[in-house]
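Visitor: My structure is below; once you've seen it, I'll send some questions.
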Amino acid sequence: MKFRDGMWLMAEDKRVEYAEEVYSITEGKDGKTLKLLCPTMKINSRGDTLNRPTISVELEAVADGIISVQSTHWHGALDRPPHFELFPDGKPAVSGSIDKTSTGTTLTSGSVAASVSSQDHAFDIRFHSADGKNKLTSLQNRSVGFAYSPPTASPMQTADMRDYKHYMLTQTTLSPGEGVYGLGERFGAFNKVGQSVALWNADGGTSSEQAYKNVSFWLSNRGYGIFIDHPERVELEIGSERSCRVQTSVEGQRLQWYIIYGPTPKEVISRYTMLTGKPNKVPAWSFGLWLSTSFTTEYDEKTVSSFLEGMRDREIPVQVFHYDCFWMRGFHWCDFEFMSSHFPDPKGQIARLKESGLTHKVCVWINSYLGQASPVFEEAKEKGYLLKRKDGSVWQWDLWQAGMGIVDFTNPAACQWFKSCLKKLFDTGVDAIKTDFGERIPSKDIQWFDSSVDPARMHNYYAFIYNRLVFEALQEQYGKDEAVLFARAACAGTQRFPLQWGGDCESTFEAMAESLRGGLSLGLCGFSFWSVDIGGFEGYPDPKIYKRWVQFGLLCSHSRLHGSNSYRVPWLIDGDEKGPQSASAVLVKFTQLKCRLMPYLFS
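Residue numbers for the sequence shown follow full-length UniProt numbering, beginning at 1 and rising by one.
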């Protein structure tokens, strides 16, 4: 979001106030915090302290190499959940110290430090390595502020805030040649400098600025990263409002972020995942080739067996076979019941597939939406397991599934009920779950079971609680290191529940490049395990595209053949052409290559 019209003017629909000086500094008794009182004008007389807003800026030593920065306008504002789970594996002890000199005050947190200038009427906070050798970024003039929209002319107007929106904003400096990377699975340019980015999960494919996995962390090539501790909508102007700054803004009265020092990218990401959680270990079998039915293709028990037999005949080992949506009846997703007309004996078939060695494991598709034709919709409605509107009715719409509702995972009883539905699948022989969707979570006119929850903050965060629940169910069934998902939506912290895949890409070279940029950007946010629809999802891949995508896909951490309305078995791509350049031969070669790489991938 842009707040200014060029260098000199504010945007017509906004009024911005900036911290103009550090008026006072209060040291925390623990020696780990600095609280800065920052008025929005330079104070030259007592009269200047009246009728004047202030912004509080608090610096805190959080862990070795990590400093928290929080700016607040009004401290009385509610801070409603959900909040990101920080230090899920335990918070380490921190060695924090405060040093005062004639030029300023410095807070040190292990290997990183923040120095506040003591120059008269200055607002100048610089972040650097503790030894002073590496300058990271800084907060300078017009870099910390708040904004009203529409603009106010007098504080009197804010007595009633119902017609106003209030934003907090921060601008950290960008150095010449500095690059910014990450921010989740983003499909545009890999270096985000010059982009406007909104962190708001959307089901938008891979060809636009929308993203399934918005992660509020970015990595600089100057040896640091920044994590924005807000699950709600976060907007960034990365050298796009001011070419020498990264602006971050959120709606509300406070903005909190963490600067994380490396200096290497590996060290930055390691510290970031210490803060938000490290990926769980995935089972060895998950690194093998996954084969899918595809989405809207026709398939039944016979189709599944014939595909797997064809792969065996061509010496292409399949570790996981995936049943996509139409293992269930149309309009009934999710009822967790195999369509009896197409799969009369799912438990028996799955057992036979495994016993014959055609596949070792089985995955099925689910989502957390319930179409109203599904018998479980009525059960969930009666028991209060579905998200509601403010008038008490179930929230429903006709996009995706007719009259669908959304399972409310803030209700503990709904969580246990959903796990019981999954348990039936596990008892049928299902080993892994594709947790699709989770992005289009409404944020207006709704009431969660946990009434303390802020709907705007739950929109992105829903992906975390949805995938956590299913991952926990798998762990409870199969053991700690035997759980694996195939998830689409994510936010910060969801890397703890692997794995994720890149969503709906087209069968083109351009979409392959989009997917590659998305996977690389997500990987820089601590997501170690990622996959893509080999051959592209939408469309019919040309043999050249399919074979190149096989090479790309088999060198990702996880590899799955999957499409929308066409199959992805190799003999249907080029008419079962023979020879070393055929689709089948290329798939054999790179599947074998990945098998040889297993000692490097898993130990």
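Each residue gets a CB set at the ideal place from its N, CA and C atoms; glycine is no exception.
A quick note: this is a predicted structure, and the numbers were derived from the prediction, not measured.
Between which two residues does the beta strand (DSSP E) holding Phe217 run?
Guide: Here the beta strand (DSSP E) through Phe217 covers Asn214 to Ser220.
Visitor: Since I believe Ser564 is in contact with Ser294 (beta carbons under 8 Å), could you give me their beta-carbon distance rounded to a whole number of angstroms?
Guide: Yes, they are in contact, since the Cβ atoms of Ser294 and Ser564 sit about 7 Å apart, within 8 Å.
Visitor: Using 8 Å as the cut-off, can you tell me whether the segment 505–514 makes contact with the segment 463–480, which would need three or more C-beta pairs spanning the two stretches below that distance?
Guide: With the cut-off at 8 Å, the segment 505–514 and the segment 463–480 do not touch.
Visitor: Rounded to whole angstroms, what is the Cα-Cα separation between His342 and Arg352?
Guide: Their Cα atoms are separated by approximately 16 Å.
Visitor: Checking 7 Å against the spacing of the C-beta atoms, do Ser528 and Pro279 come in under that value?
Guide: Yes, the Cβ-Cβ distance between Ser528 and Pro279 is below 7 Å.
Visitor: Cβ of Tyr261 within 7 Å of Cβ of Val112?
Guide: Yes, the Cβ-Cβ distance between Tyr261 and Val112 is below 7 Å.
Visitor: On a CA-only basis, which of Gln372, Ile465, Lys578 and Leu386 is nearest Pro231? Give me that one, please.
Guide: Answer by Cα proximity: Ile465.
Visitor: How big is the Cα-Cα spacing for Ile269 and Thr303?
Guide: In a straight line, the C-alpha of Ile269 is about 44 Å away from that of Thr303.
Visitor: Closest by CA to Gly267, which one among Ile66, Ile350 and His332?
Guide: Residue identity differs from the one stated: residue 267 is Glu in this sequence, not Gly. Cα-wise, what sits closest to Glu267 is Ile66.
Visitor: Suppose contacts are defined by Cβ-Cβ distances below 7 Å. Is Val364 in contact with Tyr299 by that definition?
Guide: Not in contact: Val364 and Tyr299 (Cβ atoms no closer than 7 Å).
Visitor: Sort Asp79, Arg52 and Ser95 by Cα distance to Thr33 and report the nearest one.
Guide: The option with the nearest alpha carbon to Thr33 is Ser95.
Visitor: I need the straight-line Cα distance from Thr105 to Ile125, nearest angstrom please.
Guide: Rounded to whole angstroms, Thr105 to Ile125 spans 10 Å at the Cα level.
Visitor: Looking only at its chain, what residues have a beta carbon closer than 8 Å to the beta carbon of Tyr164, apart from the 5 residues adjacent to it on each side?
Guide: Around Tyr164: Tyr148, Ser149, Pro150, Thr152, Gln157 and Thr158.
Visitor: Could you name the residues that DSSP lists as bridge partners for Thr33?
Guide: DSSP output for Thr33 lists Glu60 as bridge partner(s).
Visitor: Would you call Met328 buried or exposed, if buried means 16 or more other Cβ atoms sit within 10 Å of its Cβ?
Guide: Its Cβ being crowded by 16 or more others within 10 Å, Met328 is buried.
Visitor: To the nearest whole angstrom, what separates the beta carbons of Tyr224 and Ser68, a pair I think is in contact under 8 Å?
Guide: Actually they are not in contact, since the Cβ atoms of Tyr224 and Ser68 sit about 14 Å apart, beyond 8 Å.
Visitor: May I have a chain-ordered list of the alpha helix (DSSP H) segments no shorter than 4 residues that lie completely inside the segment 532–592?
Guide: If we require 4 residues or more, the alpha helix (DSSP H) runs fully inside the segment 532–592 come out as 543–554.
Visitor: Give the secondary structure of Gln256 by DSSP, where H, G and I count as helix, E and B as strand, and everything else as coil.
Guide: Gln256: strand per DSSP, three-state reduction.
Visitor: Using a C-beta cutoff of 7 Å, does Leu169 count as contacting chain C?
Guide: In the structure shown, chain C cannot be found, because there is only a single protein chain.
Visitor: Count the other CB atoms, across all protein chains shown, that sit within 10 Å of the CB of Phe87; report buried if there are 16 or more and exposed otherwise.
Guide: Looking at its Cβ environment, which holds fewer than 16 other Cβ atoms inside 10 Å, Phe87 is exposed.
Visitor: In the DSSP assignment, the beta strand (DSSP E) including Tyr323 goes from what residue to what residue?
Guide: Val320 to Tyr323 is the extent of the beta strand (DSSP E) around Tyr323.
Visitor: For Gln256, does the count of other Cβ atoms within 10 angstroms reach 16, so buried, or fall short, so exposed?
Guide: Result: buried.
Visitor: Please say whether Tyr462 and Ile493 have beta carbons closer to each other than 7 Å?
Guide: Strictly speaking, residue 493 in this sequence is Gly, with Ile absent from that position. Taking 7 Å as the Cβ cut-off, Gly493 and Tyr462 do not qualify as a contacting pair.
Visitor: When you compare each of Thr172, Glu178 and Tyr212 to Leu236 by their alpha carbons, which one comes out closest?
Guide: Out of Thr172, Glu178 and Tyr212, Thr172 has the C-alpha closest to the C-alpha of Leu236.
Visitor: By a C-beta neighbour count over all protein chains shown, 10 Å radius and 16 as the cutoff for buried, is Asp99 buried or exposed?
Guide: Looking at its Cβ environment, which holds fewer than 16 other Cβ atoms inside 10 Å, Asp99 is exposed.
Visitor: Going along the chain, which residues of its own chain have a beta-carbon closer than 8 Å to the beta-carbon of Met598, five neighbours each way excluded?
Guide: These residues qualify, in order along the chain: Ala284 and Phe287.
Visitor: Just verifying my parser: in three-state terms, what is the DSSP assignment at Glu382?
Guide: Here Glu382 sits in helix by DSSP.
Visitor: Look at the Cβ atom of Ala11, then the Cβ atom of Val144, and state whether they are nearer than 7 Å.
Guide: No, they are not a contact pair.
Visitor: For the beta strand (DSSP E) that Leu291 lies in, which residues bound it at each end?
Guide: Per DSSP, Leu291 belongs to the beta strand (DSSP E) from Leu289 to Ser292.
Visitor: Provide the residue span of the beta strand (DSSP E) that contains Phe127, from first to last.
Guide: From DSSP, the beta strand (DSSP E) with Phe127 extends over Ile125 to Ser129.
Visitor: Which residue's Cα is closest to the Cα of Phe509: Gln495, Glu185, Ala489 and Ile534?
Guide: Checked all of Gln495, Glu185, Ala489 and Ile534; the closest Cα to Phe509 is Ile534.
Visitor: Express the C-alpha separation of Leu9 and Arg242 in angstroms, rounding to a whole number.
Guide: So the alpha carbons of these two residues sit roughly 13 Å apart.
Visitor: Would you say the segment 205–222 touches the segment 548–555, given that touching needs at least three Cβ pairs under 8 Å?
Guide: The segment 205–222, when compared against the segment 548–555, does not touch it at the 8 Å Cβ threshold.
Visitor: Measure how close the beta-carbons of Arg80 and Asp450 come, nearest whole angstrom, since I'm counting them as under 8 Å.
Guide: Their Cβ separation, rounded to whole angstroms, is 10 Å, which puts Arg80 and Asp450 out of contact at 8 Å.
Visitor: For Arg517, count the other beta carbons within 10 Å of its own beta carbon; 16 or more makes it buried, fewer makes it exposed. Which is it?
Guide: Buried.
Visitor: Would Asp481 and Lys281 qualify as a contact pair, given that the criterion is a beta-carbon distance under 7 Å?
Guide: Closer than 7 Å, so yes.
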